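Residue numbers (numbering that gives the first Met the number 0): 0 to 357.
Notes to accompany the following structure.
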Amino acid sequence: MARAYIDNVVFEITEACNQCCRFCYNYWRDGNAPIPAPDPALARKTLKKLLSQASVGNLSLSGGEPLLLPNVHDLVLHARFKGCKVNILTNGTLLDEDALHNFISLGVGAIQIPLLSSDAAIHETLTGLPGSWGKAFDALKRTGKTGIGAAVLVITRVNAPYVTATLSLIRDCGIRTVMVNRFNIGGNGIRNLRELVPDRIMLEEAFAGVEAFAVANPEMRFVSGVCTPLCLMDTEKYPHISFTRCTTELSGRPLTVNYSGDVRFCNHSPRVLGNIYSRDIGDILGDPRIKEYYAAVPEECGKCPSFQRCGGGCRAASEQVYGSFAVKDPICREISSLHEGDGGDADAEVRQQGLYDL
Ligand code: SF4
Ligand code: SF4
Ligand code: SF4
Numbered sequence: 000m001a002r003a004y005i006d007n008v009v010f011e012i013t014e015a016c017n018q019c020c021r022f023c024y025n026y027w028r029d030g031n032a033p034i035p036a037p038d039p040a041l042a043r044k045t046l047k048k049l050l051s052q053a054s055v056g057n058l059s060l061s062g063g064e065p066l067l068l069p070n071v072h073d074l075v076l077h078a079r080f081k082g083c084k085v086n087i088l089t090n091g092t093l094l095d096e097d098a099l100h101n102f103i104s105l106g107v108g109a110i111q112i113p114l115l116s117s118d119a120a121i122h123e124t125l126t127g128l129p130g131s132w133g134k135a136f137d138a139l140k141r142t143g144k145t146g147i148g149a150a151v152l153v154i155t156r157v158n159a160p161y162v163t164a165t166l167s168l169i170r171d172c173g174i175r176t177v178m179v180n181r182f183n184i185g186g187n188g189i190r191n192l193r194e195l196v197p198d199r200i201m202l203e204e205a206f207a208g209v210e211a212f213a214v215a216n217p218e219m220r221f222v223s224g225v226c227t228p229l230c231l232m233d234t235e236k237y238p239h240i241s242f243t244r245c246t247t248e249l250s251g252r253p254l255t256v257n258y259s260g261d262v263r264f265c266n267h268s269p270r271v272l273g274n275i276y277s278r279d280i281g282d283i284l285g286d287p288r289i290k291e292y293y294a295a296v297p298e299e300c301g302k303c304p305s306f307q308r309c310g311g312g313c314r315a316a317s318e319q320v321y322g323s324f325a326v327k328d329p330i331c332r333e334i335s336s337l338h339e340g341d342g343g344d345a346d347a348e349v350r351q352q353g354l355y356d357l
């Protein structure tokens, strides 16, 4: 079989994390099972296996928190040696001077760090870790100076009103690329819906704030990486924010591989497509049954002219909440039932149906 080429892979090197973010989308953070400790040797073995089966253009080391692995720089070195561009997705709290210096020496392209608010108390309410704001802010400043920093802002009901102040602080750190994602339902976030899901107006006002900030700061770049249903929010109103589209064509989309070799559609999806220790990744990606699964169109979206543009929103979130890719993004239902009196207590309703138990 010809060696596969994959443009983007998110490699989850551990499930463990030193934070417990209220919005964390990691499907294993549903409170049902203890989270395994990092396994640096297995992560290294799996990375070698992956890069023996496929050429990977861009490899993002993620988790959990990737800096919990003492050999994270060794993994970067191996990937760089195999020709990958490498990015690090970290919460920033463990990024000390040495770690940053080593990443720079190894030619890491970008280090992405969330700053959830200009207000430390709001940031730490969301991360669950006292002291995390100061560490993330410091890490952002240091990566901003080196030119490889990028910030992440997850918009929830808690921090939405403070978007402009947060972006100002991010800009003042020297950061020029910001990923601005609306809260995407999954993982620990499923248990905190009432607190985190913004209403429509709040969401639109937050994105209008980002748009105005982008206009005033043309040297900065704003990307929104979570597909948002267009029936919830018209993204055309925000032309200075690049909204990415989620393709279901496996060979052309970012994929996720975890430290034990499981391959998934993306880091939000709980569904394992195969494991590279038992099946070559090229073979997994070419499997017609998997293609058929992702060809499903949600019933609600079947006749909608916007489907090509929004794809029904984030359907990995649908997998986490409803156990199915063939249903449109649960954010629509949660916003209308939590804030628009349509359907009553969404949380209780979902729980009653047993939808939290995948
Ligand atoms: S969102 Fe990131 S930093 Fe927060 S708990 Fe999840 S993996 Fe850790
Ligand atoms: S395709 Fe579905 S989610 Fe997207 S706008 Fe239409 S109905 Fe809404
Ligand atoms: S399914 Fe959702 S989280 Fe996954 S790539 Fe698409 S929009 Fe992003």
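In this text, a Cβ means the ideal position worked out from N, Cα and C, and glycines have one as well.
As the structure is a prediction and not an experimental result, all values here were calculated from the model.
Excluding the 5 residues flanking it on each side, residue 156 has same chain C-beta neighbours closer than 7 Å at 194, 195, 196, 197 and 201, in chain order. Taking the CA atoms as reference points, residue 88 sits about 19 Å from residue 166.
DSSP lists no bridge partner for residue 145. Between ligand 1 and residue 25, a heavy atom-to-CB distance of less than 6 Å is present.
Here the distance from the Cβ of residue 306 to the nearest heavy atom of ligand 2 is below 6 Å. Within the model, the alpha-carbon separation for residue 269 versus residue 178 is close to 22 Å. Distances from the CB of residue 226 to the heavy atoms of ligand 3 include at least one below 6 Å.
Here residue 58 is bridged, per DSSP, to 8 and 85. Apart from sequence neighbours up to five positions away, the residues of its chain that approach residue 34 with a beta-carbon distance below 6 Å are 14 and 15, ordered along the chain. Here residue 26 is buried, its C-beta having at least 16 other C-beta atoms within 10 Å. If only uninterrupted alpha helix (DSSP H) runs of at least 4 residues are considered, those enclosed by the segment 91-131 are 96-104 and 119-126. With contacts defined as CB atoms closer than 7 Å, residue 58 and residue 10 qualify as a contacting pair.
Bounds of the beta strand (DSSP E) holding residue 223 are 220-223. In the displayed model, residue 180 falls within a strand according to three-state DSSP.
Proximity of the beta carbon of residue 172 to ligand 3 is not indicated: no heavy atom of the ligand is located closer than 6 Å. The alpha-carbon of residue 191 is positioned some 26 Å away from that of residue 234. Within 6 Å of the C-beta of residue 299 there is at least one heavy atom belonging to ligand 2. Residue 31 sits exposed, since fewer than 16 C-beta atoms from the chains shown fall within 10 Å of its C-beta. Under a 10 Å Cβ-count criterion, residue 313 is classified as buried, with 16 or more other Cβ atoms of the shown protein chains found around its own Cβ. DSSP places residue 282 in the helix class (H, G or I) of the three-state scheme. Shown here for residue 145: same chain residues with a beta carbon closer than 8 Å to its own, the five before and five after excluded, namely 99 and 103 in chain order.
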